[in-house]
Amino acid sequence: MNRGTKSWIVYAALLVLFWGVWGAFSSEPNSRYGYPNEMIYIIWAFTMLIPAYFAMRGNTFDRRPVAAGYGLIAGLTGAGGQLLLFQALANGPAYLIFPLVSLSPVVTVLMAMALLRERINRLALIGVVAALAAIVLFSIPSSKDDSNSHGPWLLMAILICVAWGVQAFCMRKAALVGVNDATTFGWMTISGLLLVPVAFVMMGDFPSDAPWQAPTLTAVTQVLNAVGALFLVMAFSRGKATVVAPVTNALAPVLTIVLSLAVYQRLPNVWGTLGIVLALAGSTLMVYSDEKSGESSVAPGAADDGAAMSPAPQKS
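Okay, here's the thing in structure tokens:
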């Protein structure tokens, strides 16, 4: 494998690892201790500072307007979509909201093909379709709730889908115009922190009676989420958005399901099982097709892999 052109696979794999583990345990603070989702968001926003610190070591913060523009759009669409998701779930059925939201890679793929002129061959296209189908299947629960199937939640779900699709596109676009990974992630961190007051307003009251285990568990799981987000930025700067978006969104739930099976003894339903098969098959097709093409997809903003996470040089 050419390390320079195919390193996106390494970062995508790390993303799947971190987000897969995070997905398996992310609901524990809320389900076990009743910890508010808005408070989980607030803690997540501050955990973003940890990978941001390590990402910035040895890198220069790009102060160009184009860097701030793409970075803020990526950050606000990602964090804003997360906050909007809480509101949507409070008003609508999760079994309909999540399949809609999970289609965000479609937005990314279409934008990349139309605006970035990224090419996708027939084999990769089959893989994209399989991965997208898997993402939707993962979102189908074993039973339906009694929530109303009509209301403002539908518009919210569509907006979240578009927002997260645009976020992934902006990550790739930022790298193509020469913005380094650390700068993009830095702006994403700033964006998440800017929306912390909004989360406080949505929450209404600080959970003063929550046991210490709730914020502790939240912090641990959200660090995994934050580090995974950094790997996502790094994967998009090195690989095509038409491949990275479906692969990462399809494979992370596979690991989550496997871990849930091992830890909670929860068997996936028939849709989840089918989703696993499609995710693995689709991702394999896309990776194989990308390697076979031999085309470099590394953007100017991608840091050298050997120095991407290295300590800053010592000053004499």
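Position 195 of the sequence shown, counting from 1, maps to 195 under UniProt numbering, and the rest follow consecutively.
Backbone N, C-alpha and C define an ideal beta-carbon position, used for all residues, glycine too.
Subject >> Closest residue to L85 among F98, L76, I73 (Cα-Cα distance) >> reply: Comparing Cα-Cα distances from L85 to each of F98, L76, I73, the minimum goes to F98.
Original post:
For Y35 versus A214, is the C-beta spacing smaller than 8 Å?
Top reply: The answer is yes: Cβ separation under 8 Å.
Original post:
Tell me which same chain residues have a C-beta within less than 8 Å of the C-beta of F61, skipping the five on either side of it?
Top reply: The residues A182, T183, G186, in chain order, have a CB closer than 8 Å to that of F61 in the same chain once the five nearest residues on each side in sequence are set aside.
Original post:
Would you report the Cα separation of V233 and A219, rounded to the nearest angstrom?
Top reply: Near 21 Å, if we compare the C-alpha coordinates of A219 and V233.
Original post:
For A157, which residues from the same chain have a beta carbon less than 6 Å from its beta carbon, with the 5 sequence-adjacent residues on both sides left out?
Top reply: Excluding residues within five positions, the ones whose Cβ falls inside 6 Å are A88, I97, L100, V101.
Original post:
Are G301 and A174 closer than 8 Å when you measure CB to CB?
Top reply: Yes. Within cutoff.
Original post:
With burial defined as no fewer than 16 other Cβ atoms inside 10 Å of the residue's Cβ, what is the status of D146: buried or exposed?
Top reply: Residue confidence for D146 is low, a pLDDT of 45 falling below 50, so the modelled location carries little weight and cannot support an answer.
Original post:
Thinking just about the alpha-carbon of each residue, which of K240, V277, W271 is nearest to the one in N121?
Top reply: For N121, the nearest C-alpha among the options comes from K240.
Original post:
Are the Cβ atoms of L285 and L123 separated by less than 8 Å?
Top reply: In this structure, L123 lies closer than 8 Å to L285 by Cβ.
Subject >> Simplified DSSP state of R238, which is helix, strand or coil >> reply: When DSSP states are grouped into helix, strand and coil, R238 belongs to the helix group.
Original post:
By the 10 Å Cβ neighbour count, where 16 or more other Cβ atoms means buried, how is G23 classified, buried or exposed?
Top reply: G23 comes out buried.
**OP:** Report yes if the C-beta distance between P65 and V227 is below 8 Å; otherwise report no.
**Re:** No, these two residues do not count as a Cβ contact at 8 Å.
Original post:
Any contact of the segment 159 to 174 with the segment 63 to 80, i.e. 3+ C-beta pairs under 8 Å?
Top reply: Between the segment 159 to 174 and the segment 63 to 80 there are three or more C-beta pairs closer than 8 Å, enough to call the two in contact.
Subject >> First through last residue of the alpha helix (DSSP H) which encompasses W153 >> reply: Per DSSP, W153 belongs to the alpha helix (DSSP H) from 153 to 176.
**OP:** Give me the Cα-Cα distance between L155 and G58, rounded to the nearest whole angstrom.
**Re:** Our two residues, L155 and G58, have alpha carbons roughly 43 Å apart in a direct line.
Subject >> Cβ-based neighbour list, V30, same chain, cut-off 8 Å, excluding 5 preceding and 5 following >> reply: Val is not the amino acid found at residue 30; the sequence shown has Asn there. So the list reads P36, N37, I40, once near-sequence residues are dropped.
Original post:
Can you tell which of G204, F46, V258, S104 has the C-alpha that lies nearest to the C-alpha of N225?
Top reply: The shortest CA-to-CA distance from N225 to any of G204, F46, V258, S104 is the one to F46.
Subject >> Interface flag, I9 vs chain D, CB-CB below 8 Å >> reply: Absent here is chain D; the protein component of the structure consists of one chain.
Subject >> Residues near I135 in its chain [Cβ-Cβ closer than 6 Å; skip 5 each side] >> reply: So the qualifying residues of the chain are S102, N249, A250.
Original post:
Just the Cα atoms here: how many angstroms apart are V21 and W44?
Top reply: Roughly 15 Å between the two C-alpha positions.
Subject >> Buried/exposed call for Y288, threshold 16 Cβ in 10 Å >> reply: Counting C-beta atoms within 10 angstroms of its own C-beta, Y288 has fewer than 16 neighbours from the protein chains shown and is therefore classed as exposed.
Original post:
Going by beta carbon distance, what residues of the same chain come within less than 6 Å of F236, once the five residues before and after it are set aside?
Top reply: Same-chain partners within the cutoff: M171, R172, V244.
Original post:
Distance, Cα to Cα, L261 vs A55?
Top reply: Using only the alpha carbons, I get a separation of about 33 Å.
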